[in-house]
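Trainee: Okay, so the sequence shown: first residue is 5 according to the working numbering, each after it adds one.
Where a beta carbon is used, it is the ideal one built from N, C-alpha and C, also for glycine.
For clarity, every value in this text was computed on a predicted model and none was experimentally measured.
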Amino acid sequence: MRLKYVLKTSVAGLESHKSRSALTILGIVIGITSIILVMSVGAGAQELILGQIEGLGSRTIAVIPGREPTGPSDVAQLFSDSLKEKDLRALSRKENAPTINNIIPVVFGSETASYGSETYRATIFGGSERMGEIFDLIPREGNFFADEEVRGYADVAVIGSKVKDELFGASDALGEKIKIKGRTFRIIGILPKKGQVSFFNFDEIVMIPYTTAQQYVFGIKNFHRFIVEADSETHIEETVRDIQNTLRISHGIENNGKDDFFVQTQADLANRLGTITQVLTLLLTSIAAISLIVGGVGIMNIMLVSVTERTREIGLRKAVGATDGDIMKQFLSEAVILTGLGGVIGITLGGLLSLLTSFALSSFVSLPWTFSFPFSAAVIGLSVAAGIGLVFGLYPARQAAKKSPIEALRYE
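1. What is the DSSP secondary structure of residue 396, counted as helix, strand or coil?
2. Identify, in the order they occur along the chain, each residue of the same chain with its Cβ nearer than 7 Å to the Cβ of residue 211, setting aside the five sequence neighbours on each side.
3. Please classify residue 270 as buried or exposed, where buried requires at least 16 other C-beta atoms within 10 Å of its C-beta.
4. Buried or exposed, going by whether 16 or more other CB atoms sit within 10 Å of the CB of residue 382?
5. Going straight from the alpha carbon of residue 422 to that of residue 106, what length do you get?
6. Tell me the DSSP secondary structure of residue 147 in three-state form.
7. At what residues does the alpha helix (DSSP H) containing residue 96 begin and finish?
8. Can you tell me whether residue 86 is buried or exposed, with buried defined as 16 or more other CB within 10 angstroms of its CB?
9. Residue 209: which of 252, 288, 124 sits nearest, CA to CA?
10. Throw me the rounded Cβ distance for the residue 41 and residue 354 pair, which I believe falls under 8 Å.
11. Note down, in chain order, each residue of its chain lying with its Cβ closer than 6 Å to the Cβ of residue 441, except the 5 sequence neighbours on either side.
12. By alpha-carbon positions, which one of 403, 172, 99, 392 ends up nearest to residue 247?
13. What are the residues that DSSP puts in a beta bridge with residue 247?
14. Can you give me the C-alpha to C-alpha distance between residue 184 and residue 256, rounded to a whole angstrom?
15. Do residue 219 and residue 119 have their beta-carbon atoms positioned less than 8 Å apart in this structure?
16. If you follow the alpha helix (DSSP H) that residue 166 is part of, which residue opens it and which one closes it?
17. Do the stretch 226 to 238 and the stretch 109 to 119 make contact, defined as three or more Cβ pairs closer than 8 Å?
18. Is it right to say residue 204 is buried, meaning 16 or more other beta carbons lie within 10 angstroms of its own, or is it exposed?
19. What do you reckon, are the CB atoms on residue 29 and residue 342 nearer than 8 Å?
20. Among 33, 27, 65, 43, whose alpha-carbon lies nearest the alpha-carbon of residue 239?
21. Nearest CA to the CA of residue 286: which residue from 43, 23, 31, 27?
22. If you draw a straight line from the alpha carbon of residue 181 to that of residue 126, how long is it in whole angstroms?
23. What would DSSP say about residue 76, mapped onto helix, strand or coil?
24. Can you give the Cα-Cα distance for residue 397 and residue 338, rounded to whole angstroms?
25. Which same chain residues end up closer than 8 Å to residue 406 when comparing Cβ atoms and leaving out the 5 residues on each side of it in sequence?
26. Can you give me the Cβ contacts of residue 376 inside the same chain, cut-off strictly under 7 Å, excluding the 5 residues immediately before and after it?
27. For residue 124, write down the residues that DSSP places opposite it in a beta bridge.
28. Quick one: what does DSSP say residue 258 is sitting in, helix, strand or coil?
29. Quick check on DSSP: helix, strand or coil for residue 305?
30. Can you name, in chain order, every residue of its own chain whose Cβ lies under 6 Å from the Cβ of residue 336, other than the five neighbours on each side?
31. Quick check: the Cα distance between residue 147 and residue 264, rounded to an integer number of angstroms?
32. Under the DSSP definition of a beta bridge, which residues are partnered with residue 440?
33. If you drop the 5 nearest sequence neighbours on each side, which residues of the same chain put their C-beta closer than 6 Å to that of residue 357?
34. Residue 168: which of 260, 117, 226, 84 sits nearest, CA to CA?
35. On a CA-only basis, which of 217, 331, 364, 367 is nearest residue 114? Give me that one, please.
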């Protein structure tokens, strides 16, 4: 039997039970839709994360206290207080690390800022006068604090755009005073809308001198980070080695395995987070793929019911010359058409849901989220759907082909 007639007969058979055919492919539709949605959102998340990391610049290096985590049991190491003022002085000396162009000590935490009756829970970011250079920040109003204000423990602040809107609304904030932990800070600068850069949202931030933050806000003498900028991309590895050697001498560490700090470049962070998002996407995709198997079992069950219902039809067709192969092709093609159609609907629905999700995240959550349609997943999904039709349609098709024409014609 020609393929054209096989397909025509199969379509006619499916159209005779439209409701059942639609319900049969529901599992395939849900499975493919879930896979497209998960992979699209995963790709968008990966682009967002990597974009934020790259926003710091490829020459930026982070020095973090504590042993580098290698598993869940090492998470507590991240709260170490191993970075001190003596380490900052050691790294600032050119003879120890000649390729360091910039270094800023960082302390941060969440505190409530208030102005009059208005309050806002902001990220308090203590840094040096060089923050604008490393983070590529230029206040839209006012200026950053200067070196003498850092050394003098000055009560000055540069606020993000959202902090300004929440506390002052449309009023002018420059020169006004806000309170943090009972201490009054004068606003000397207001940042433009910047959004997320690395792990910090600069719209929700209050920047103050790190000396003031340590002494009066957090009550600590250690640092949470050193943000280092190498003088050239070609000197990244050399800068990392100099940082490690300098800090090991400063901390009296002779065995590298006993480091109480770790150094992370932007490339390291991008690779690590990229791997994490890929693994999570694959895990969620695998879970979503289970519904495809469920859908395949459902198709096999419905096809077996269809074979039983159409026993007389099978007998009649065999009586007029149809072979076992013709019957098998017809029922196999019906299963493939069902799953293929489910795949097309699932890809379309998954793409639309992914687009809506991207729009919602970028519009309502204010994330720089970009829509990414996983074409490879669409091709694979359609192929898998057709393959499921073949695999799960094979048994019902063989059962139909094995029926005796005489017994089939007698079937009531």
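Mentor: This is what the structure holds:
1. Stepping through the sequence shown from its first residue, residue 396 is reached at position 392. Looking at residue 396 - three-state DSSP - the assignment turns out to be helix.
2. Here residue 211 refers to the residue found at position 207 when the sequence shown is read from its first residue. Cβ within range, chain order: 129, 131, 135, 161, 162.
3. As a first step, residue 270 must be located in the sequence shown, where it is residue number 266. With 16 or more other Cβ atoms within 10 Å, it is buried.
4. Mapped onto the sequence shown, residue 382 falls at position 378. Answer is buried; the Cβ neighbour count reaches 16.
5. Residue 422 lies beyond the stretch modelled for the chain, which goes from 5 to 416, so this question has no answer here.
6. Position 143 of the sequence shown holds residue 147. Reduced to three states, the DSSP call for residue 147 is coil.
7. Translated into the one-based positions of the sequence shown, residue 96 becomes position 92. Counting along the chain, the alpha helix (DSSP H) containing residue 96 begins and ends at 89 to 96.
8. As a first step, residue 86 must be located in the sequence shown, where it is residue number 82. Residue 86 comes out buried.
9. Taking the sequence shown and counting its residues from 1, the one referred to as residue 209 is at position 205. Looking at the Cα atoms, 124 is the closest of the given residues.
10. In the sequence shown, counting from the first residue as 1, residue 41 sits at position 37. In the sequence shown, counting from the first residue as 1, residue 354 sits at position 350. That belief holds up - the Cβ atoms of residue 41 and residue 354 are roughly 5 Å apart, short of 8 Å.
11. There is no way to answer for residue 441, as the model of the chain reaches only from 5 to 416.
12. What you label residue 247 is simply residue 243 of the sequence shown in a count that begins at 1. Among 403, 172, 99, 392, the Cα nearest to that of residue 247 is on 99.
13. To locate residue 247, count along the sequence shown from 1; it is residue 243. Answer is none; residue 247 lacks a bridge partner.
14. Within the sequence shown, numbered from 1, the residue matching residue 184 stands at position 180. Within the sequence shown, numbered from 1, the residue matching residue 256 stands at position 252. Taking the straight line from one Cα to the other gives about 37 Å.
15. Taking the first residue of the sequence shown as position 1, residue 119 is located at position 115. Taking the first residue of the sequence shown as position 1, residue 219 is located at position 215. Against a cut-off of 8 Å, the Cβ pair of residue 219 and residue 119 comes out as no contact.
16. Residue numbering aside, residue 166 sits at position 162 when the sequence shown is read from its first letter. Residue 166 -> alpha helix (DSSP H) spans 165 to 172.
17. yes
18. In the sequence shown, counting from the first residue as 1, residue 204 sits at position 200. Residue 204 comes out buried.
19. Sequence index remark: in the sequence shown, residue 29 carries index 25 (1-based). Sequence index remark: in the sequence shown, residue 342 carries index 338 (1-based). In contact: residue 29 and residue 342 (Cβ atoms closer than 8 Å).
20. In the sequence shown, residue 239 corresponds to position 235, counting from 1. The option with the nearest alpha carbon to residue 239 is 65.
21. Position 282 of the sequence shown, counted from the first residue, corresponds to residue 286. Taking only the C-alpha atoms, the option nearest residue 286 is 43.
22. Locating residue 181 in the sequence shown gives position 177, counting from the first residue. Locating residue 126 in the sequence shown gives position 122, counting from the first residue. Between residue 181 and residue 126, the C-alpha separation is close to 15 Å.
23. In the sequence shown, counting from the first residue as 1, residue 76 sits at position 72. No answer about residue 76 holds up, because its pLDDT of 48 lies below 50 and its placement is not dependable.
24. Taking the sequence shown and counting its residues from 1, the one referred to as residue 397 is at position 393. Taking the sequence shown and counting its residues from 1, the one referred to as residue 338 is at position 334. Each residue's alpha carbon lies about 8 Å from the other.
25. What you label residue 406 is simply residue 402 of the sequence shown in a count that begins at 1. If we look at residue 406 and ignore the five residues flanking it on each side, its Cβ neighbours are 328.
26. Position 372 of the sequence shown holds residue 376. So the list reads 44, 47, 48, 51, once near-sequence residues are dropped.
27. Numbered from its first residue, the sequence shown carries residue 124 at position 120. Answer is 117, bridged to residue 124.
28. Counted from its first residue, the sequence shown places residue 258 at position 254. It is coil, neither helix nor strand.
29. For the purposes of this step, residue 305 is taken as the residue at position 301 of the sequence shown. Note: residue 305 maps to helix in three-state DSSP.
30. As a position in the sequence shown, residue 336 is number 332, starting the count at 1. These residues qualify, in order along the chain: 397, 401.
31. Residue numbering aside, residue 147 sits at position 143 when the sequence shown is read from its first letter. Residue numbering aside, residue 264 sits at position 260 when the sequence shown is read from its first letter. Residue 147 and residue 264: Cα-Cα distance of roughly 36 Å.
32. Nothing about residue 440 can be reported from this structure: the residues present for the chain run from 5 to 416 only.
33. Taking the sequence shown and counting its residues from 1, one reaches residue 357 at position 353. Excluding residues within five positions, the ones whose Cβ falls inside 6 Å are 41.
34. Working through the sequence shown from its first residue, we reach residue 168 at position 164. Residue 117 is the option with its Cα nearest to residue 168.
35. Against the sequence shown, residue 114 aligns to sequence position 110. Cα-wise, what sits closest to residue 114 is 217.
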